[in-house]
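*Asks:* Here it is, the structure, as structure tokens.
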């Protein structure tokens, strides 16, 4: 239970986002934000047939985050929530999760869109997004209500279009 | 790029599945398979408001897996695929991903269903499943075709109902 789990990066994200404050909050709202995932050449064989999927699950290391807060106020919210009920990066294990649209696979390079990940981020895993397993439209959005979603959408559009946060 | 990413378990899965060969292949097809996730007491504060969600994303360590195969033949399939286009556990980083139905949160214990995880599995992270971000019904199922899906469904039902693989 207390053992440490060790992961080695399998690749790196290349995106236009170099600052947390200007990175899209949610890729779902930033379809125009494109980028690449470069997989280590020695692991490229593992990409076989990935291009048959339109979307991929990407796990990555929030490498510019340190420490965590069990309860905090998410951006654009006035109520504090537990870290396990948020996607925020200040987590006990700094692992991020994004669903990206897969445009093409060329050699060891994936071209992706809907990118909400900082440039240079180490990638831990790629899995296919399989809607028969993963799409649950009837699931509840929990504390994430429509007005908050609209705020995220607006903020994401602003960031993805390249304008700076003040 | 070559740095090691270290994770510490945040909790443990308790399920009725002690053998890989009798664990449901996909929780989506095993709604009757219930279990619990026990979070470390010192992290229980991070669960605040999680119960407002009906579904959760669970990341965990495939702790009984070792090594990986870049290309292999998934169960019930006659064609080999790349590991990044499969959910198989023999991955470069042995991290599993499941979407579970969240039934209740009591103290540091989550009651969940749709469980496809071995008993005693170390949990790395819990994130809310937010359909506005995560449900993409129009995504392609890639190489996972309807007959294969039916095979997974049948096999999962058989395992979840407690019968043994021969």
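Residue numbers (my numbering), protein chains in the order written: chain P, 1 to 166; chain F, 167 to 332. Glycine included, C-beta positions come from ideal geometry on N, C-alpha and C. Please read all numbers here as calculations on a predicted model, not as lab measurements.
Sorted by chain position, which residues of the same chain lie with C-beta nearer than 7 Å to residue 330 (chain F)'s C-beta, five sequence neighbours on each side aside?
*Replies:* Model confidence at residue 330 (chain F) stands at a pLDDT of 37, short of 50, so the residue's coordinates are unreliable; what they give is reported in the following sentence. If we look at residue 330 (chain F) and ignore the five residues flanking it on each side, its Cβ neighbours are 188.
*Asks:* Counting along the chain, where does the alpha helix (DSSP H) carrying residue 116 (chain P) start and finish?
*Replies:* Element bounds for residue 116 (chain P): n/a, residue is neither H nor E.
*Asks:* Any beta carbon from chain P within less than 8 Å of residue 266 (chain F)'s own beta carbon?
*Replies:* no
*Asks:* Give me, in chain order, the residues of the same chain whose beta-carbon lies closer than 6 Å to that of residue 133 (chain F); leave out the 5 immediate sequence neighbours on both sides.
*Replies:* Here chain F has residues from 167 to 332 only, and residue 133 (chain F) is not among them.
*Asks:* Between the C-alpha atoms of residue 132 (chain P) and residue 309 (chain F), what's the straight-line distance to the nearest angstrom?
*Replies:* 12 Å
*Asks:* Using the C-alpha atoms, what's the distance from residue 152 (chain P) back to residue 116 (chain P)?
*Replies:* Between residue 116 (chain P) and residue 152 (chain P), the C-alpha separation is close to 12 Å.
*Asks:* Quick one: is residue 20 (chain P) buried, meaning 16 or more other Cβ sit within 10 Å of its Cβ, or exposed?
*Replies:* Exposed, since its Cβ has fewer than 16 Cβ neighbours within 10 Å.
*Asks:* If the cut-off is 8 Å on Cβ atoms, which residues from the region 304-321 of chain F count as contacting chain P, listed in chain order?
*Replies:* 304, 305, 306, 307, 308, 309, 310, 315
*Asks:* Going by DSSP in three states, residue 70 (chain P) sits in which element: helix, strand or coil?
*Replies:* Three-state DSSP puts residue 70 (chain P) in coil, outside helix and strand.
*Asks:* Just the chain P side, please: which residues come within less than 8 Å of residue 298 (chain F) by C-beta, in chain order?
*Replies:* 28, 141, 144, 149
*Asks:* What ranges does the beta strand (DSSP E) occupy inside the region 3-67 of chain P, keeping only unbroken runs of at least 3 residues that lie completely in it?
*Replies:* Runs of beta strand (DSSP E) with 3 or more residues, each lying fully within the region 3-67 of chain P, are found at 5-7, 11-15, 34-39, 55-61, listed in chain order.
*Asks:* Return helix, strand or coil for residue 319 (chain F), following the three-state DSSP convention.
*Replies:* helix
*Asks:* Rounded to the nearest angstrom, what separates residue 14 (chain P) and residue 29 (chain P) at their Cα positions?
*Replies:* Near 19 Å, if we compare the C-alpha coordinates of residue 29 (chain P) and residue 14 (chain P).
*Asks:* Residues of chain P with CB closer than 7 Å to the CB of residue 221 (chain F), please, in chain order.
*Replies:* Residues of chain P passing the Cβ test: 136, 139.
*Asks:* How many angstroms separate the CA atom of residue 236 (chain F) from the CA atom of residue 43 (chain P)?
*Replies:* 7 Å
*Asks:* Would you kindly check if the distance between the Cβ of residue 261 (chain F) and the Cβ of residue 223 (chain F) is under 8 Å?
*Replies:* no
*Asks:* Using a Cβ distance threshold of 8 Å, determine whether the region 45-53 of chain P contacts the region 212-230 of chain F, with at least three qualifying pairs required.
*Replies:* No, the region 45-53 of chain P does not touch the region 212-230 of chain F.
*Asks:* Verify the CB distance criterion: does residue 64 (chain P) have a CB-CB separation below 8 Å to chain F?
*Replies:* Not an interface residue.
*Asks:* For residue 269 (chain F), which residues from the same chain have a beta carbon less than 7 Å from its beta carbon, with the 5 sequence-adjacent residues on both sides left out?
*Replies:* Here the set comprises 277, 278, 279.
*Asks:* With distances taken between CB atoms, is the gap from residue 170 (chain F) to residue 6 (chain P) smaller than 8 Å?
*Replies:* yes
*Asks:* Which residues does DSSP list as the beta-bridge partners of residue 97 (chain P)?
*Replies:* Residue 97 (chain P) pairs with P:59.
*Asks:* Return the Cβ separation of residue 216 (chain F) and residue 294 (chain F) in integer angstroms, given the expectation that the two are a contact with Cβ distance under 8 Å.
*Replies:* 7 Å
*Asks:* So with CB distances below 7 Å, who are the chain P contacts of residue 183 (chain F)?
*Replies:* The premise fails here: residue 183 (chain F) is roughly 18 Å from chain P at the closest Cβ pair, so nothing lies under 7 Å.
*Asks:* Excluding the five sequence neighbours on either side, which residues of its own chain have a C-beta within less than 7 Å of the C-beta of residue 252 (chain F), listed in chain order?
*Replies:* 240
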